[in-house]
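*Asks:* Okay, here's the structure, questions in a sec.
Number of protein chains: 2
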Amino acid sequence: MTTAIDLFARHEQLLQRALSAIRERSYWSAYPENLKAYGENGTLSVADGKAAFDAVLDKPFALEQPATDGQVAGERSPYGIELGLTYPHADVDVLLHAAQQAMPAWRDAGPDARAGVVLEILARINARSHELAQAVMHTSGQAYAMAFQAGGPHAQDRALESIAYSYAEMTRHATEATWEKPQGKRPPQRMTKRFTVVPRGVALVVGCNTFPTWNSYPGLFASLVTGNPVVVKPHPAAVLPLALTVQVAREVLTEAGFSPDLVTLAPEQPGEGLAKVLALRGEVRIVDYTGSTEFGTWLERNAPQAVVFTEKAGVNTVVLDSTDDYRGMLANLAFSLSLYSGQMCTTPQNLLIPRDGITADGEPKSVDDVARDLAAAIDALLGDDARATALLGAIVNGGVLERLGSAASYGDVVLASRTVAHPEFPDATVRTPTVVRLDAGDRDTYLKEHFGPVAFLVTTDGTEASIDLLRETVREHGAITAAVYSTDEKVLEATEQAALDAGVALSCNLTETVYVNQSAAFSDFHATGANPAANAALTDAAYVASRFRVVQSRRHLPGGDDPATPG
Amino acid sequence: MTTAIDLFARHEQLLQRALSAIRERSYWSAYPENLKAYGENGTLSVADGKAAFDAVLDKPFALEQPATDGQVAGERSPYGIELGLTYPHADVDVLLHAAQQAMPAWRDAGPDARAGVVLEILARINARSHELAQAVMHTSGQAYAMAFQAGGPHAQDRALESIAYSYAEMTRHATEATWEKPQGKRPPQRMTKRFTVVPRGVALVVGCNTFPTWNSYPGLFASLVTGNPVVVKPHPAAVLPLALTVQVAREVLTEAGFSPDLVTLAPEQPGEGLAKVLALRGEVRIVDYTGSTEFGTWLERNAPQAVVFTEKAGVNTVVLDSTDDYRGMLANLAFSLSLYSGQMCTTPQNLLIPRDGITADGEPKSVDDVARDLAAAIDALLGDDARATALLGAIVNGGVLERLGSAASYGDVVLASRTVAHPEFPDATVRTPTVVRLDAGDRDTYLKEHFGPVAFLVTTDGTEASIDLLRETVREHGAITAAVYSTDEKVLEATEQAALDAGVALSCNLTETVYVNQSAAFSDFHATGANPAANAALTDAAYVASRFRVVQSRRHLPGGDDPATPG
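Chains as they are written, first to last, in my numbering: chain A, 1 to 567; chain B, 1 to 567.
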């Protein structure tokens with residue numbers, strides 16, 4: 001048996017590097033994002049991943065859990081193919097009991113052993129990145145390259161980041177201390193103290209449809225490494241990526257001598273509302289959730305026994321003032337609006353532009369000019385169907401299509417959405433983004449989230465009004481991202497001030513190949529916890545520090561005035 | 001003007017030492033607890049403190065706040081003297097608006113400047129420790145020496161501890177970073193990123209009657225140093241210690257060029273329920289509370305816009321199994337039960353003893369023996385009235401007296417409470433503790449908190465049953481402290497395991513001059529957050545990390561392939 005401490009030794013260097021990275025926050029990544037970097041040293045190639053994916057289809061998913069009381073029908077791919085999977089459904093009482101039973105040994109193993117085990121889990125997940133990419137693609141609708149990167153190495157980087165924060169917090173105190181308090185002429189008071197990291201209890205991770213691994217991994221790994229058993233409740237339409245993850249975790253836990261029931265999958269029957277059932281259980285002391293504002297807010301208010309981390313809806317906003325790289329700005333925005341058909345919590349929705357237009361490359365551009373040029377940039381980016389599908393992926397569900405269908409009724413359509421034929425998956429629904437022109441007065445429309453490929457070009461009284469609107473939008477309705485384009489340092493500073501006031505990450509003048517939708521692990525914080533779109537950043541110390549507690553025991557040492565036996 | 005950065009330089013060495021102390025958790029203290037260490041270098045002596053205290057009495061308290069809309073009648077001393085004080089009452093709308101207006105400049109000053117200011121506040125509070133001791137004594141009823149130590153230097157140490165944790169968390173990330181991502185043969189993506197600590201919003205501190213400073217300072221200083229304006233809502237019977245604290249804070253803030261409205265006092269009219277009013281305000285984003293389980297639980301459930309830290313009721317438990325220092329054990333327990341008449345959240349309540357008795361110094365002792373000997377130890381400790389009052393202090397309020405009056409009806413009285421005449425304050429109510437014998441079956445009585453000088457000697461089926469009962473008591477009803485006496489290493493280990501399971505700090509075999517009621521700043525954690533007595537430890541990283549957020553801004557740097565101008 002490979003012990004947990006062997007595993008810690010195997011991965012300690014990586015952990016140390018990650019600990020530096022979370023302090024420095026310059027560029028670092030642990031897991032290669034290049035698709036071709038895989039296929040050797042025990043890692044699956046693109047073809048291996050496809051074969052592994054094909055091998056799990058059309059049968060019950062292989063997951064032996066003690067609480068199984070039936071099977072749940074699996075998901076259908078947004079690319080139109082049947083996956084033919086079923087998953088084991090769990091009896092909640094038995095599942096939670098098993099999780100609790102597994103906890104003391106996991107707690108007693110200590111931070112190093114737990115870190116060793118979770119880093120091994122992550123290493124094995126990394127090796128199967130191309131298999132996970134297929135699973136993410138065929139549940140989220142992401143195009144393959146994005147499913148691989150975001151669902152594979154980027155998600156793994158975020159997991160490692162949360163492990164590093166957790167490890168730093170768990171080990172920030174001495175595990176033992178001698179306390180010796182002077183007492184004047186009397187002998188000192190002397191005590192020995194032991195400090196133990198103890199878990200809160202069972203952790204519930206509620207996955208989402210669009211980023212089943214990326215949004216779930218930080219909470220899952222932070223809870224697990226800090227000693228908590230984790231119950232993973234996947235989105236009913238995106239089970240497979242988390243089922244594979246749970247499978248790997250259980251395999252490694254078992255090999256290292258721990259109960260596999262420290263990580264379990266809890267898929268739900270249609271209409272079961274299992275997230276609600278689990279969140280209300282007294283055993284559940286941590287909840288991580290990504291999804292609708294409605295259910296996120298419900299969780300925040302109705303599970304007081306647990307610490308609840310939520311990422312909810314937001315209204316991402318861009319201030320357009322001026323640019324010295326008009327073409328770069330348009331290309332960058334076109335890409336941001338198109339990537340995964342805007343089905344990202346980070347996609348911009350509202351582009352705020354002065355009614356009198358902007359200055360671009362020293363020339364005035366009217367709102368009509370910008371509208372036309374942005375539409376042209378998107379058309380140019382998505383003109384070729386094969387290239388377009390590689391960027392857009394597939395529409396994940398009917399809700400997105402409905403919102404897209406309604407968008408044209410809100411204002412003047414600057415760019416209509418177009419249906420793209422997928423060269424490989426004819427049944428996939430692929431749609432380009434629409435851009436609709438609104439005025440600042442149309443608050444009822446643009447001050448809510450229209451998740452999907454819907455963007456609004458909103459005319460305002462000027463840049464100052466745009467900045468005020470950005471501040472108000474984020475404060476009242478939340479946002480994960482914000483951006484500004486300006487050649488005027490004063491405008492950039494005023495927008496930064498608004499972003500600080502409202503509590504949102506700001507990207508300034510993105511004209512190259514970094515996009516506002518992207519956040520890089522170990523450098524960018526994803527969400528802030530400071531506005532209504534999320535009650536925590538993912539990942540930072542506040543995200544991990546309350547997942548465990550320190551419990552101490554103290555005893556007297558022999559009096560300080562007792563001379564030691566001469567040696 | 002002394003700038004905030006000057007103040008940071010003045011106190012930086014102290015902060016650095018505190019930062020080491022919170023890691024090492026061995027003995028350290030910043031502020032002398034010796035009463036005689038004060039009186040020089042600008043600090044008030046005992047007599048100075050008394051004079052300063054006398055000078056504030058019998059008039060409106062000098063606190064100029066913008067929101068004042070009337071005066072609140074002040075408190076009456078548990079020692080029976082009238083203080084004759086009134087305090088300014090605040091209009092909530094105006095008060096919160098003023099607090100919010102003060103926030104941006106405080107945020108923009110940054111962690112070092114804020115740390116400099118709060119450490120100067122603390123230094124000035126320390127210099128006035130003997131004045132605060134009078135204020136704490138005449139509101140909490142603590143005896144002078146305890147009011148001085150717990151309300152003065154020990155509270156200041158806890159404040160410094162929370163400042164150190166906050167500073168460590170605020171500065172754990174780089175404030176700026178260059179991010180340079182390789183792009184194969186293309187030039188790297190290069191960005192510069194700025195990370196800013198931003199406050200959550202207005203922080204509310206709700207003080208308690210018995211430890212107005214000690215229990216309020218960690219939250220107050222953690223919130224302030226992380227950028228949040230703090231509104232202090234004192235207990236109506238313990239306003240003066242916090243009024244003095246707010247006075248000092250406003251003075252230092254003003255001198256350093258910040259708005260004094262970053263720290264305000266909000267005393268309440270009788271029946272106003274101001275804590276509830278404030279806690280429900282959208283502007284209030286942090287709540288720190290010490291008090292009843294009922295209101296603490298209400299806060300946890302009804303202020304979802306805020307992060308809520310509560311310390312509530314608990315049932316502190318001691319397992320008696322065996323000892324090789326019977327006399328030391330009895331003396332230690334007698335002191336713990338007597339200190340401040342048991343009016344501490346850390347005082348033991350339930351002493352669990354096997355029905356067949358214990359082994360002491362190698363001899364069997366029956367329950368009757370132990371009951372008699374414990375009663376004798378308490379009598380011996382409190383036999384002299386002057387010495388007794390110096391230990392007991394005064395009964396803080398009628399609720400304590402009521403509970404004491406009911407105790408005799410619950411079981412066999414092992415030791416009756418005695419009324420002690422106070423040599424200096426004839427109107428003070430001074431009472432010795434009562435010990436009542438119960439059986440493990442009397443769960444309805446001993447499984448709730450009887451705050452005050454009421455202890456139960458509870459007979460069980462044996463030590464194993466006692467340990468199980470400890471675990472159950474803490475899990476279900478909470479506890480701040482637990483203790484065990486045993487000469488058997490297996491019993492100690494089993495009790496440690498139970499303490500880890502239930503999440504409570506354990507003291508083993510205290511027979512000298514350290515008491516289970518005491519927790520030392522920088523070494524002992526006070527509360528754990530892992531059982532119902534408190535939802536957080538006071539102080540650790542989890543207590544501070546979510547009091548602020550990090551907001552980032554990123555911009556491109558010129559491309560990496562642009563050769564720099566030759567120098």
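Don't be surprised by glycine CBs; every beta carbon is placed ideally from N, CA and C.
Leaving aside the five residues before and after residue 292(B) along the sequence, list all residues of the same chain whose C-beta is less than 8 angstroms from its C-beta, in chain order.
*Replies:* 312 and 313, listed in sequence order.
*Asks:* Check residue 179(B) in the structure and name its three-state DSSP category.
*Replies:* Looking at residue 179(B) - three-state DSSP - the assignment turns out to be strand.
*Asks:* Just checking: is the beta-carbon of residue 262(A) within a distance shorter than 9 angstroms of some beta-carbon in chain B?
*Replies:* So, not an interface residue.
*Asks:* Using a Cβ-Cβ cut-off of less than 8 angstroms, list which residues of the segment 507 to 526 of chain A approach chain B; keep chain order.
*Replies:* The segment 507 to 526 of chain A vs chain B, Cβ under 8 angstroms: 507, 508, 509, 510, 511, 512, 513, 514, 520, 523, 524 and 525.
*Asks:* Mind checking which residues open and close the alpha helix (DSSP H) that includes residue 233(A)?
*Replies:* Note, residue 233(A): premise wrong, no alpha helix (DSSP H); beta strand (DSSP E) at 230 to 233.
*Asks:* On the DSSP bridge assignment, give the partners of residue 190(B) in chain order.
*Replies:* Paired residue(s): 180(B).
*Asks:* Taking the straight line between their C-alpha atoms, what separation do you get for residue 528(A) and residue 504(A)?
*Replies:* Going from the Cα of residue 528(A) to the Cα of residue 504(A) covers about 6 angstroms.
*Asks:* By DSSP, does residue 333(B) sit in helix, in strand, or in coil?
*Replies:* Looking at residue 333(B) - three-state DSSP - the assignment turns out to be helix.
*Asks:* According to DSSP, residue 286(B) sits in a beta bridge with which residue or residues?
*Replies:* DSSP output for residue 286(B) lists 203(B) and 307(B) as bridge partner(s).
*Asks:* Residue 389(A): which of 346(A), 352(A), 70(A) and 339(A) sits nearest, CA to CA?
*Replies:* When each option's Cα is compared against that of residue 389(A), the closest is 339(A).
*Asks:* To the nearest angstrom, report how far apart residue 227(A) and residue 337(B) are at their CA atoms.
*Replies:* Going by the C-alpha atoms only, they are around 36 angstroms apart.
*Asks:* I want to see whether chain B comes within less than 9 angstroms of residue 214(A), judged by CB atoms only; does it?
*Replies:* No, its Cβ sits nowhere closer than 9 angstroms to a Cβ of chain B.
*Asks:* Could you pull the start and end residues of the alpha helix (DSSP H) that residue 23(B) belongs to?
*Replies:* Taken as a continuous stretch (DSSP letters only), the alpha helix (DSSP H) holding residue 23(B) covers 4 to 24.
*Asks:* Using only the heavy atoms of the ligand MN, determine whether one of them is closer than 8 angstroms to the beta carbon of residue 183(A).
*Replies:* Absent from the structure shown: the ligand MN. Ligands present: none.
*Asks:* Does residue 565(A) come within less than 9 angstroms of chain B when only Cβ atoms are used?
*Replies:* Reliability of the predicted coordinates at residue 565(A) is poor, the pLDDT of 33 falling under 50, and the value obtained from them is presented with this limitation in mind. No, because no Cβ of chain B sits closer than 9 angstroms to the Cβ of residue 565(A).
*Asks:* To the nearest angstrom, report how far apart residue 551(A) and residue 140(A) are at their CA atoms.
*Replies:* Taking the straight line joining both Cα atoms gives about 42 angstroms.
*Asks:* CA-CA distance, residue 470(A) and residue 318(A)?
*Replies:* Going by the C-alpha atoms only, they are around 8 angstroms apart.
*Asks:* Tell me the DSSP secondary structure of residue 268(A) in three-state form.
*Replies:* If DSSP states are grouped into helix, strand and coil, residue 268(A) belongs with coil.
*Asks:* Return the CA-CA distance between residue 283(B) and residue 524(A), expressed in angstroms with no decimal places.
*Replies:* In a straight line, the C-alpha of residue 283(B) is about 28 angstroms away from that of residue 524(A).
*Asks:* Is there at least one Cβ from chain B nearer than 9 angstroms to residue 562(A)'s Cβ?
*Replies:* For residue 562(A), the predicted model reports a pLDDT of 40, less than 50, meaning its position is unreliable; a value from the coordinates is still stated below. By this cut-off, residue 562(A) is not an interface position.
*Asks:* Does residue 321(A) have its Cβ less than 9 angstroms from a Cβ in chain B?
*Replies:* For residue 321(A), the answer is no, since every Cβ of chain B falls outside 9 angstroms of its Cβ.
*Asks:* Using DSSP bridges, identify the partner residues of residue 363(A).
*Replies:* Its beta-bridge partners are 360(A).
*Asks:* Rounded to the nearest angstrom, what separates residue 237(B) and residue 208(B) at their Cα positions?
*Replies:* Between residue 237(B) and residue 208(B), the C-alpha separation is close to 9 angstroms.
*Asks:* Please state if the CB of residue 289(A) and the CB of residue 308(A) are separated by a distance shorter than 9 angstroms.
*Replies:* The answer is yes: Cβ separation under 9 angstroms.
*Asks:* Out of 164(A), 324(A), 211(A) and 335(A), state which residue places its alpha-carbon closest to the alpha-carbon of residue 545(A).
*Replies:* Of the listed residues, the one whose Cα sits closest to residue 545(A) is 164(A).
*Asks:* Candidates 298(A), 183(A), 239(A) and 417(A): which alpha carbon is nearest residue 434(A)'s?
*Replies:* Measuring from the Cα of residue 434(A), the nearest candidate turns out to be 417(A).
*Asks:* Considering only C-alpha positions, which residue in the set 35(B), 219(B), 119(B) and 350(B) is nearest to residue 482(B)?
*Replies:* For the residues 35(B), 219(B), 119(B) and 350(B), the minimum Cα distance to residue 482(B) belongs to 350(B).
*Asks:* Between residue 4(A) and chain B, is any beta-carbon pair separated by less than 9 angstroms?
*Replies:* Taking Cβ atoms only, chain B never reaches closer than 9 angstroms to residue 4(A), which makes this a no.
*Asks:* Spatial neighbours of residue 159(A) within its chain, please: C-beta separation below 7 angstroms, excluding the five flanking residues on both sides.
*Replies:* Correct list, in chain order: 122, 217, 218 and 221.
*Asks:* Any C-beta of chain B sitting closer than 9 angstroms to the C-beta of residue 268(A)?
*Replies:* Taking Cβ atoms only, chain B never reaches closer than 9 angstroms to residue 268(A), which makes this a no.
*Asks:* Measuring straight from C-alpha to C-alpha, what distance separates residue 370(A) and residue 556(B)?
*Replies:* The alpha-carbon atoms of residue 370(A) and residue 556(B) are separated by roughly 23 angstroms.
*Asks:* Taking 9 angstroms as the threshold (beta carbon to beta carbon), is residue 533(B) in contact with chain A?
*Replies:* Chain A, which has no Cβ nearer than 9 angstroms to the Cβ of residue 533(B), makes this no.
*Asks:* State whether the segment 269 to 284 of chain A contacts the segment 181 to 194 of chain A, with contact taken as three or more CB pairs (one from each stretch) at a distance under 8 angstroms.
*Replies:* No: the two stretches stay apart, fewer than three of their Cβ pairs being nearer than 8 angstroms.
*Asks:* What does residue 400(A) touch in chain B if you count any residue whose Cβ is under 9 angstroms from its own?
*Replies:* By Cβ distance, chain B contributes nothing, its closest Cβ being about 29 angstroms from residue 400(A), past 9 angstroms.
*Asks:* Which residues in the same chain have their Cβ closer than 7 angstroms to the Cβ of residue 181(B), if we skip the five residues on either side of it in sequence?
*Replies:* Excluding residues within five positions, the ones whose Cβ falls inside 7 angstroms are 188 and 189.
*Asks:* Cβ closer than 7 angstroms: which chain A residues qualify as neighbours of residue 555(B)?
*Replies:* Per Cβ cutoff of 7 angstroms: 508 and 509.
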